[in-house]
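Taking the UniProt record's numbering, the leading residue of the sequence shown gets 1, the next gets one more, and so forth.
A short write-up of the structure that comes next.
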Amino acid sequence: MFEHRHLLGIEALSPADIVAVLDRSERYAGAPDPDWRTRLSGRTQINMFFENSTRTQASFEIAGQRLGANVMNMAMQASSIKKGETLIDTALTLNAMHPDLLVVRHPNSGAVALLSQKVNCAVINAGDGRHEHPTQALLDALTIRRRKGRLQRLTVAICGDIAHSRVARSNIILLGKMENRVRLVGPKTLMPAGIERFGVEVVHDMAEGLRDADVVMMLRLQRERMDGGFIPSEREYFHRFGLDAARLANAKDDAIVMHPGPMNRGVEIDGELADDLTRSAIQEQVEMGVAVRMAVLELLSRRAA
Numbered sequence: 001m002f003e004h005r006h007l008l009g010i011e012a013l014s015p016a017d018i019v020a021v022l023d024r025s026e027r028y029a030g031a032p033d034p035d036w037r038t039r040l041s042g043r044t045q046i047n048m049f050f051e052n053s054t055r056t057q058a059s060f061e062i063a064g065q066r067l068g069a070n071v072m073n074m075a076m077q078a079s080s081i082k083k084g085e086t087l088i089d090t091a092l093t094l095n096a097m098h099p100d101l102l103v104v105r106h107p108n109s110g111a112v113a114l115l116s117q118k119v120n121c122a123v124i125n126a127g128d129g130r131h132e133h134p135t136q137a138l139l140d141a142l143t144i145r146r147r148k149g150r151l152q153r154l155t156v157a158i159c160g161d162i163a164h165s166r167v168a169r170s171n172i173i174l175l176g177k178m179e180n181r182v183r184l185v186g187p188k189t190l191m192p193a194g195i196e197r198f199g200v201e202v203v204h205d206m207a208e209g210l211r212d213a214d215v216v217m218m219l220r221l222q223r224e225r226m227d228g229g230f231i232p233s234e235r236e237y238f239h240r241f242g243l244d245a246a247r248l249a250n251a252k253d254d255a256i257v258m259h260p261g262p263m264n265r266g267v268e269i270d271g272e273l274a275d276d277l278t279r280s281a282i283q284e285q286v287e288m289g290v291a292v293r294m295a296v297l298e299l300l301s302r303r304a305a
């Protein structure tokens with residue numbers, strides 16, 4: 001059973017909770033079934049994205065529509081927030097409209113948790129600042145489980161801009177809970193202080209970091225969160241920390257390549273490798289994203305009933 005009212009992060013989930021979400025997601029993986037259309041019939045889902053998003057917002061929208069929910073996308077760039085209204089005032093206004101599910105992305109860490117305390121419906125964190133992006137970690141976990149046949153006792157190398165990545169943080173927590181070996185690979189300037197306390201290995205050399213890895217998870221270089229001085233140049237960054245076929249040869253022969261997107265081709269990953277479906281699971285991650293979000297919406301709507 002999934003007993004949580006909200007999904008604010010991976011940290012609050014037990015291994016049994018994670019397995020429950022993944023098992024439910026498996027039912028939604030594949031071609032849409034007309035029977036799904038009644039699962040959230042009569043429910044209202046509001047998507048509030050305070051940061052630009054293409055794939056995550058579209059994924060939540062498709063997930064809600066496939067389950068028959070009334071899905072509303074709030075245009076936050078044109079909302080009353082721009083006129084000085086606070087996040088809490090916006091939440092209270094929306095709460096008066098009695099939605100069942102709120103999907104929220106916000107640039108500030110902790111903003112989604114604060115909002116969840118002010119509303120009566122279920123709240124899903126679609127990414128808050130550098131804190132967490134729980135549904136991304138769950139869809140990554142589902143992709144790994146389908147490709148590798150298990151989600152335990154794997155060596156997973158998470159590479160690149162660790163410091164600015166909420167995806168990395170959620171994956172570190174989830175993979176650790178499921179008893180995997182997590183290795184963080186990247187330049188010292190993009191590695192948060194004290195990250196070792198999460199039980200991970202920290203490596204600053206790609207060949208060493210990828211050695212015998214089962215999964216290689218590349219991260220986007222988040223230029224918009226940098227104020228300069230983190231890397232000498234993007235060309236130098238790719239030379240030292242980019243992933244191509246030659247560098248991937250350090251991992252296991254059947255290692256899979258992942259990326260949460262959007263990709264900076266030629267910066268953190270070689271475009272030809274990203275498109276190689278024999279090694280790349282990137283498209284499958286996008287597909288599993290809809291399945292996982294359908295599962296989360298359904299499980300939380302049950303609690304809200």
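Just so you know, even glycine gets a beta-carbon here, dropped at the ideal spot from N, CA and C.
Assign residue i to one of three DSSP states: helix, strand, or coil.
{"i": "Ala193", "result": "coil"}
{"i": "Thr143", "result": "helix"}
{"i": "Ser280", "result": "strand"}
{"i": "Asn108", "result": "coil"}
{"i": "Arg166", "result": "helix"}
{"i": "Ile172", "result": "helix"}
{"i": "Glu132", "result": "strand"}
{"i": "Met288", "result": "helix"}
Excluding the 5 residues flanking residue i on each side, which residues of the same chain have their C-beta closer than 6 Å to its C-beta?
{"i": "Glu234", "result": "Val267"}
{"i": "Glu11", "result": "Ile173"}
{"i": "Glu201", "result": "Arg183"}
{"i": "Ala137", "result": "Ile10, Ser170, Asn171 and Leu174"}
{"i": "Val21", "result": "Leu138 and Ala295"}
{"i": "His106", "result": "Phe50, Val112 and Asp128"}
{"i": "Thr143", "result": "Ala281, Glu284, Gln285 and Met288"}
{"i": "Val167", "result": "His133, Gln136 and Pro260"}
Note the first and the last residue of the continuous beta strand (DSSP E) segment covering residue i.
{"i": "Arg24", "result": "Premise fails: Arg24 lies in the alpha helix (DSSP H), Pro15 to Tyr28, not in any beta strand (DSSP E)."}
{"i": "Gly127", "result": "Ala122 to Asp128"}
{"i": "Asn95", "result": "Premise fails: Asn95 lies in the alpha helix (DSSP H), Leu87 to Asn95, not in any beta strand (DSSP E)."}
Short of 7 Å in beta carbon distance, which residues of its chain neighbour residue i, apart from the five on each side in sequence? Order them along the chain.
{"i": "Val290", "result": "Ser59, Ile62 and Ala63"}
{"i": "Ser41", "result": "Gly68"}
Check the DSSP bridge columns for residue i and list the partner residues they point to.
{"i": "Leu102", "result": "Ile46 and Val123"}
{"i": "Asn73", "result": "Asn47"}
{"i": "Arg181", "result": "Thr155"}
{"i": "Ile10", "result": "Paired residue(s): none; Ile10 is not in a bridge."}
What residue does the alpha helix (DSSP H) around residue i start on, and which one ends it?
{"i": "Thr155", "result": "Where Thr155 is concerned, there is no enclosing alpha helix (DSSP H), although the beta strand (DSSP E) it sits in stretches over Thr155 to Cys159."}
{"i": "Gly64", "result": "Arg55 to Arg66"}
{"i": "Glu3", "result": "Neither: Glu3 is in no alpha helix (DSSP H) and is coded neither H nor E."}
{"i": "Leu273", "result": "Gly271 to Ala274"}
Below 8 Å CB to CB, which residues in the same chain sit around residue i once its five sequence neighbours on both sides are set aside?
{"i": "Gly176", "result": "Val182, Phe198, Gly199 and Val200"}
> Whole alpha helix (DSSP H) runs in the segment 196-267 with 4 or more residues, listed along the chain?
Replying inline: 206-210, 234-241 and 245-248, all fully within the segment 196-267.
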